[in-house]
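Everything in the sequence shown is counted per numbering that gives the first Met the number 0, starting at 0 for the first residue and increasing by one.
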Amino acid sequence: MGLIGAKAIVVIDGGAPRTLTPGQKTAEGVVLIATEKDAASFEIDGQKRSLPMGRAYSAAPREGRQNITLAADARGHFVTMGTINGGSVRFLVDTGATFVSLSASEARRLGISYLQGQRGQLQTANGLTGAYRIKLDTVRVGDIQINNVDAVVTESDTMGVTLLGMSFLNRMEMKRDGQSMTLTRRF
Numbered sequence: 000m001g002l003i004g005a006k007a008i009v010v011i012d013g014g015a016p017r018t019l020t021p022g023q024k025t026a027e028g029v030v031l032i033a034t035e036k037d038a039a040s041f042e043i044d045g046q047k048r049s050l051p052m053g054r055a056y057s058a059a060p061r062e063g064r065q066n067i068t069l070a071a072d073a074r075g076h077f078v079t080m081g082t083i084n085g086g087s088v089r090f091l092v093d094t095g096a097t098f099v100s101l102s103a104s105e106a107r108r109l110g111i112s113y114l115q116g117q118r119g120q121l122q123t124a125n126g127l128t129g130a131y132r133i134k135l136d137t138v139r140v141g142d143i144q145i146n147n148v149d150a151v152v153t154e155s156d157t158m159g160v161t162l163l164g165m166s167f168l169n170r171m172e173m174k175r176d177g178q179s180m181t182l183t184r185r186f
């Protein structure tokens, strides 16, 4: 996610951001090797990986493990890093959103050709906006990857975060326990 001197701020398996120093190994087995101007080198799954800031690495799902536990932020929201079509995004879990929803600028950053989608209007918390209904090849959070996910791209760039809506969440069993939420893939 970011760099502070020789330290890297990372999110692993959708957990809370944490700071690693060079040589430090996490419980998940990730080791920070070194940092550079705008990238960091890690040992992940026994291999060296160099990741530019904002880039995610997704390992193959571990056998039998199709869940992720998220921690609530100070406002009680569940925010996590994930990927859309392989590109890194910051998600806000939103059970009130029918679809995975992202702004036009985020879709362009991810290389998504949303203008070929079905054009319509969408009522958001900020009012009525133009939107395009599309299908995403993949949406991934932690070890959970869902293919062929319905989504909307809004013309308004006021969202500030990508909403992880019910088109993804309805394929999960969701269990909330205080300040944590566990998503387990159902199908």
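A virtual CB, placed ideally from N, CA and C, is assigned to each residue, including glycine.
Less than 8 Å between the beta carbons of residue i and residue j, yes or no?
i, j, result
"A103", "D156", "yes"
By alpha-carbon positions, which one of the options ends up nearest to residue i?
i, options, result
"N147", "N84, G1, I67", "N84"
"D72", "A38, M52, L91", "L91"
"G110", "T82, V29, V160", "T82"
"I43", "Q23, L182, K174", "Q23"
"T79", "K36, R175, V160", "V160"
"R175", "G75, T97, P51", "G75"
"Y131", "I145, T123, Q122, V151", "V151"
"K36", "D93, T20, Y113, P51", "P51"
"V99", "K134, G86, G116", "K134"
"L168", "E154, T123, D93, A106", "D93"
"R108", "Q122, G86, I11", "G86"
"Q120", "S49, P16, V30, T153", "T153"
"A38", "P21, F77, A26, T25", "P21"
"T123", "F77, E105, R170, L101", "L101"
Distance check for residue j and residue i, CA to CA, integer angstroms please.
i, j, result
"N66", "M165", "16 Å"
"K6", "Q178", "27 Å"
"T34", "T18", "12 Å"
"M180", "A70", "7 Å"
"R118", "E172", "31 Å"
"P60", "T68", "Low confidence applies here, because P60 scores a pLDDT of 49, under 50, leaving its location unreliable and the question unanswered by this model."
"L163", "T137", "13 Å"
"S40", "G116", "38 Å"
"G28", "I3", "21 Å"
"A96", "V10", "24 Å"
"L114", "R89", "22 Å"
"R48", "P16", "19 Å"
"R184", "I145", "9 Å"
"I32", "Q46", "11 Å"
"G1", "V30", "16 Å"
"A106", "S112", "8 Å"
"I8", "L182", "24 Å"
"R170", "T25", "30 Å"
Are the region 115-129 and the region 140-148 touching by the rule of at least three beta carbon pairs closer than 8 Å? For the pair of segments examined, the region 115-129 was found not to touch the region 140-148: the number of CB pairs separated by less than 8 Å stays below three.
Where are the beta strand (DSSP E) runs, 3 residues long or more, that stay fully inside the region 139-170, in chain order? Considered as a whole, the region 139-170 harbours 143-153, 161-163 as its complete beta strand (DSSP E) runs of no fewer than 3 residues, in chain order.
Can you check the region 84-115 for any beta strand (DSSP E) of at least 3 residues that lies completely inside it and give the ranges in chain order? Every beta strand (DSSP E) stretch that sits fully inside the region 84-115 and reaches 3 residues is listed by chain position as 86-92, 99-102.
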